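S.K.: Every number in my numbering is 116 more than the matching position in the sequence shown, counting from 1.
Sharing a structure here in structure tokens format.
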Amino acid sequence: MKGGIGKRATPRPRTYLTIGYDDKDWAKRHGARWDKERKRWYVLGEVSEMLLPYIDSLMGGQSLKEVPEEERQEARARATAARAKPLLRTPPPDDAQADFFVPGVWDVAAKDNRGIMDVAVFRLSKKYPRANSVMTHNLPDGGHVRVASGPDGMASIWDYDIVLMGVSHLTEAMNRYRAGLGEKPGRSFRPHVSEILKFCRQSDGGRQYEAVEAALRRLKQTTVEIVRRQRGKDGRPLRVTEGAGLINDYKAVSHEDSGRVTSVEIELPKWLYAAVVEAEHPEVLTMHPNYFLMTPGLGRFVYRLARVAAGKGEARWSFRLIHERSGSPDAFKKSSAAIRELIKANELPEYDLAEEPGQDGPILVMRFRGSFPTSSTEKAGP
117 MKGGIGKRAT PRPRTYLTIG YDDKDWAKRH GARWDKERKR WYVLGEVSEM LLPYIDSLMG
177 GQSLKEVPEE ERQEARARAT AARAKPLLRT PPPDDAQADF FVPGVWDVAA KDNRGIMDVA
237 VFRLSKKYPR ANSVMTHNLP DGGHVRVASG PDGMASIWDY DIVLMGVSHL TEAMNRYRAG
297 LGEKPGRSFR PHVSEILKFC RQSDGGRQYE AVEAALRRLK QTTVEIVRRQ RGKDGRPLRV
357 TEGAGLINDY KAVSHEDSGR VTSVEIELPK WLYAAVVEAE HPEVLTMHPN YFLMTPGLGR
417 FVYRLARVAA GKGEARWSFR LIHERSGSPD AFKKSSAAIR ELIKANELPE YDLAEEPGQD
477 GPILVMRFRG SFPTSSTEKA GP
């Protein structure tokens, strides 16, 4: 305060919101407050983009009861689209430099026997670490996929980029081996941290090196158990259970004075190694490099789903099934809104997205760009 008298701060404006009972806790986390006198929700000052669709003024001054539900949804969609973040982040400055050691991007498809590309074996949110938690996905054959995390949290879909790097190097090495141009690869690979960051299209600076070591811990602690039901040779029903971590062991080498990680050694799990090396016809799929630039975890999951379900054609999955298979802790309503944001942005690598009505709710149509539309009678899921 100068001159003995300070200027009174300009009061921040109140923006009133229409928030349903089920959304009140979520609204609080994004800055909403409760006006006891008016018995309405409001925000002081700037409104979080997550709350933009709930602003009363979007209704043109009408009370909520006077506005049809369809118009309310359209108004919220316009507000969300107006402030929507781009789906793809900007590549790092040195991203365009050619690097002989960066392979193409591959992932293990294993659509029929492992079933990990159409379920989330990782968390899709950076906000919720989900330490010491369990996520279960039920499968059509009566089995299930159970994902369990450790004390450092569940591996995220961004942590899984390191697994993709392992699969990609393994695939490239096996291609050379089958062509007689190299030795058969082992389960361990030893990349420099800068190579990991370049493969994942991340900048080489800040705390990225420490982030790699933390990601390895979560990948090691996250285990996937797959339970399948099948018939034995004598016709008797069998229950087959397999379990493994997303990676086996790892070793990180860092400078003691700075803590900066320089190199790591990662051992891939047996099932993943077998799928690439021992299979007569390896079930691997190419992944678009822009996958690593995608910022929403759900967007990454939908792209993976499109690769295994649609391929070079088209596939349809219900919003409900995507919500269940993604393992999202959010309510179905929020997941549906997030899917519609992906559709509006239409920036998914290789695939166009559309929504169409279904008997049991909305359907997401995933269509490879350049393919022709097919009949809408396809199944809404696997």
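Ideal Cβ positions, reconstructed from N, Cα and C, are used throughout, including at glycine.
As the structure is a prediction and not an experimental result, all values here were calculated from the model.
Locate the beta strand (DSSP E) running through H253, then write down its first and last residues.
M.R.: 250-254
S.K.: Leaving out the 5 sequence neighbours to the left and right, which residues in its chain are closer than 7 Å to V163 when beta-carbon positions are compared?
M.R.: T131, I171
S.K.: Helix, strand or coil for H146, going by three-state DSSP, please let me know.
M.R.: coil
S.K.: For G147, which option in L133, G298, R441, R154 has the closest C-alpha, if you only look at C-alpha atoms?
M.R.: L133
S.K.: Which residue wins for smallest C-alpha separation from I273, given the options H439, M410, G359, R436?
M.R.: M410
S.K.: Tell me which same chain residues have a C-beta within less than 6 Å of the C-beta of V343, skipping the five on either side of it?
M.R.: So the qualifying residues of the chain are G259, H260, T357.
S.K.: Helix or strand or just coil, what does DSSP make of D350?
M.R.: coil
S.K.: Counting only the same chain and skipping the five closest in sequence on each side, list residues whose C-beta sits under 7 Å from that of E396.
M.R.: none
S.K.: Could you tell me whether the Cβ atoms of V309 and V393 are closer together than 8 Å?
M.R.: no
S.K.: Tell me the rounded alpha-carbon separation between K300 and Y293.
M.R.: 6 Å
S.K.: Within the continuous alpha helix (DSSP H) that includes R306, where are the two ends?
M.R.: Looking at the DSSP string, R306 is not in any alpha helix (DSSP H), and its letter there is neither H nor E.
S.K.: Return helix, strand or coil for T287, following the three-state DSSP convention.
M.R.: Helix, per DSSP.
S.K.: With H, G and I counted as helix, E and B as strand and the rest as coil, what does DSSP make of G119?
M.R.: Its pLDDT being 49, under 50, G119 is placed unreliably by the model, and the measurement read from it follows with that caveat. Correct three-state label for G119: coil.
S.K.: Excluding five sequence neighbours on each side, which residues of the same chain lie with their C-beta closer than 8 Å to the C-beta of R347?
M.R.: P353, L354
S.K.: Please confirm whether A271 and T338 have their CB atoms less than 8 Å apart.
M.R.: yes
S.K.: Would you call L160 buried or exposed, if buried means 16 or more other Cβ atoms sit within 10 Å of its Cβ?
M.R.: That one is exposed.
S.K.: Counting only the same chain and skipping the five closest in sequence on each side, list residues whose C-beta sits under 8 Å from that of P207.
M.R.: R317, L409
S.K.: Taking the straight line between their C-alpha atoms, what separation do you get for L167 and A360?
M.R.: 40 Å
S.K.: Run the CB neighbour count on D151, radius 10 Å, all protein chains shown included, and call it buried at 16 or more, exposed below.
M.R.: exposed
S.K.: Would R420 pass as a contact of V481 if the rule is Cβ separation under 8 Å?
M.R.: no
S.K.: Which residue's Cα is closest to the Cα of A236: S444, K314, A289, G266?
M.R.: S444
S.K.: Secondary structure at Y366, three-state DSSP: helix, strand or coil?
M.R.: Here Y366 sits in strand by DSSP.
S.K.: What's the C-alpha gap between V250 and V424?
M.R.: 25 Å
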